[in-house]
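Numbering (our numbering), first residue to last: 1 to 497.
So this is what it looks like as structure tokens:
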């Protein structure tokens, strides 16, 4: 079936109080998707963000981001007043997230709501705690301790707590009983609001594409509570970390710093932790995009403490064995494989063996630095079992990219589109059209590209800090004209349900 969708992070939604969230603006966006003939809303990971505000460096792979809780919903429940919310300072720019202001104000307001709530008396809270018992108590304690240690990374905590000595943990639970209850309240409220929003989307014919980062952060509850799952020394510190080697985009590679898995240990347990991770994401979304799929075939290992990725090396990952286990556990599992970057024959074979659709990026098709690989991203080389994007959250917007590429690359775009126009808006519209018209079963376009925005609306520039994960859509952007234009494209290229 030919379908299409839009990539739009939750934090990029418009609305009051500093960040996009599970508010009426989210439902308005779903209404827009439905009216524009779309079938999917693709989001980024929903976990609580840490250093750098990246959803790919979360404090927990199972928890939800408290920033996404709707303050308006808490006002309707009588846990906050509109005056309290309006008086909070969330920054001065409605088109950019001010994470410093969020950190100060959101916790204060959520704590007020917690103090006024009788959530523990609700029957659904008991059910929520039972369903999430395998991760939530540890996460709640982890966040309480992180506050106690002034926000410092787990790797800098006192050894007795960091190494989870039973007596130290028991004392900490007693000491932080109130903070633990607060964290449980936050996760409960997040769950209630997300379930309602997802049900609204599904009832509107919109399916949610979620996202699982392959790795977790070393500063996370996941790493703290599952040390045997990772490559660590006798003191619990990572011995090797993740990244990618040098390429045309980075002369020294990328040093991500995430701890690496002990795949032999996880295999011996029947991939227990990964099955729980996939099950949680399945419960929250309809389709799961797995980030850095190549790492399941081979992963790049860098000795801990190295200043960059130059001295790293490749090691074998779990391969098809992990996905056989996943399909056995979840027969109806739908996964999109993010197989971007340098793709070896063995990675291609792994994708074929799984049967998962993989990704094609229009921007990559005109990269003169990789002319032999770029041709694979041209639409005439697609099959049906692909998901085509103009770009992802890690790429420039189409309009921004068209202004930054080499003259010969821009000429290649013009030749492919059959136009002499140098107007970036015209060229961007043409590239969206060839994505929609391709044979790929699913076409997903970032919202910024439909809006014709430049790189001021870029979501993320990999390996940089301070300016990422901030863009928010203008409140007046979802016009009838835009809806009709997207709907016409969707109908023209047979992507209506």
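Positions of the beta carbon are idealized from the N, C-alpha and C atoms, including for glycine.
{"Query": "Going by DSSP in three states, residue 426 sits in which element: helix, strand or coil?", "Result": "helix"}
{"Query": "Between which two residues does the beta strand (DSSP E) containing residue 3 stretch?", "Result": "3-7"}
{"Query": "With distances taken between CB atoms, is the gap from residue 438 to residue 406 smaller than 8 Å?", "Result": "no"}
{"Query": "Could you tell me whether the stretch 247-267 touches the stretch 156-169, using the rule of 3 or more Cβ pairs below 8 Å?", "Result": "no"}
{"Query": "Between the C-alpha atoms of residue 126 and residue 120, what's the straight-line distance to the nearest angstrom?", "Result": "7 Å"}
{"Query": "Between residue 483 and residue 201, which are expected to be in contact by the criterion C-beta below 8 Å, what is the C-beta distance as a whole number of angstroms?", "Result": "Incorrect: roughly 17 Å between the Cβ atoms, too far for contact."}
{"Query": "Please go through the same chain and pick out, in chain order, the residues whose beta-carbon is closer than 8 Å to the beta-carbon of residue 224, but skip the five residues on each side of it.", "Result": "138, 142, 154, 162, 164"}
{"Query": "Measuring only between beta-carbons, confirm whether residue 487 sits less than 8 Å from chain D.", "Result": "The structure shown contains no chain D; it holds only a single protein chain."}
{"Query": "Give the single residue among 135, 81, 134, 91 whose Cα lies nearest to the Cα of residue 109.", "Result": "81"}
{"Query": "Between which two residues does the alpha helix (DSSP H) carrying residue 85 extend?", "Result": "82-87"}
{"Query": "How is the alpha helix (DSSP H) around residue 147 delimited, first residue to last?", "Result": "136-148"}
{"Query": "Starting from residue 337, trace the beta strand (DSSP E) both ways and give me its first and last residue.", "Result": "335-337"}
{"Query": "Less than 8 Å between the C-beta atoms of residue 69 and residue 190, yes or no?", "Result": "yes"}
{"Query": "Could you check the C-alpha separation between residue 44 and residue 348 for me, to the nearest Å?", "Result": "24 Å"}
{"Query": "Check this for me: beta carbons of residue 361 and residue 392, under 8 Å apart or not?", "Result": "yes"}
{"Query": "Have a look at the DSSP bridge pairing and note the partners of residue 238.", "Result": "232"}
{"Query": "Give the list of continuous beta strand (DSSP E) stretches no shorter than 3 residues that lie fully inside the stretch 236-287.", "Result": "240-244, 254-259"}
{"Query": "In or out: residue 244 buried (at least 16 other Cβ within 10 Å) or exposed?", "Result": "buried"}
{"Query": "What is the C-beta distance between residue 21 and residue 67, in whole angstroms, given that I count them as a contact (C-beta under 8 Å)?", "Result": "7 Å"}
{"Query": "Opposite residue 443 in the DSSP bridges: which residues?", "Result": "4, 388"}
{"Query": "DSSP state of residue 202, grouped into three classes?", "Result": "helix"}
{"Query": "Less than 8 Å separating the beta-carbons of residue 242 and residue 256?", "Result": "yes"}
{"Query": "If I measure Cβ to Cβ from residue 475 and keep anything under 6 Å in the same chain, skipping five residues before and after, which residues do I get?", "Result": "14"}
{"Query": "Can you have a look at residue 117 and say buried or exposed, based on whether 16 or more other CB atoms are within 10 angstroms of its CB?", "Result": "buried"}
{"Query": "Kindly indicate which three-state DSSP category residue 121 falls into: helix, strand or coil?", "Result": "helix"}
{"Query": "Can you give the Cα-Cα distance for residue 502 and residue 291, rounded to whole angstroms?", "Result": "Outside the shown range of the chain (1 to 497) lies residue 502, about which nothing can therefore be said."}
{"Query": "To the nearest angstrom, how far is the alpha carbon of residue 454 from that of residue 461?", "Result": "14 Å"}
{"Query": "Thinking just about the alpha-carbon of each residue, which of 238, 488, 94 is nearest to the one in residue 472?", "Result": "94"}
{"Query": "State yes or no: is the C-beta of residue 74 within less than 8 Å of the C-beta of residue 113?", "Result": "yes"}
{"Query": "So what does DSSP say about residue 458, is it helix, strand or coil?", "Result": "coil"}
{"Query": "How is residue 471 classed by DSSP in three states: helix, strand or coil?", "Result": "strand"}
{"Query": "Pull up the distance between the alpha-carbon of residue 448 and that of residue 17, whole angstroms please.", "Result": "22 Å"}
{"Query": "Applying the 10 Å Cβ sphere with the 16-neighbour rule, what's the burial state of residue 364?", "Result": "buried"}
{"Query": "Is residue 224 helix, strand or coil by DSSP?", "Result": "helix"}
{"Query": "Taking the alpha-carbon of residue 280 as reference, which of 260, 101, 205, 128 has the nearest alpha-carbon?", "Result": "128"}
{"Query": "Does the distance from the C-beta atom of residue 208 to that of residue 314 stay below 8 Å?", "Result": "no"}
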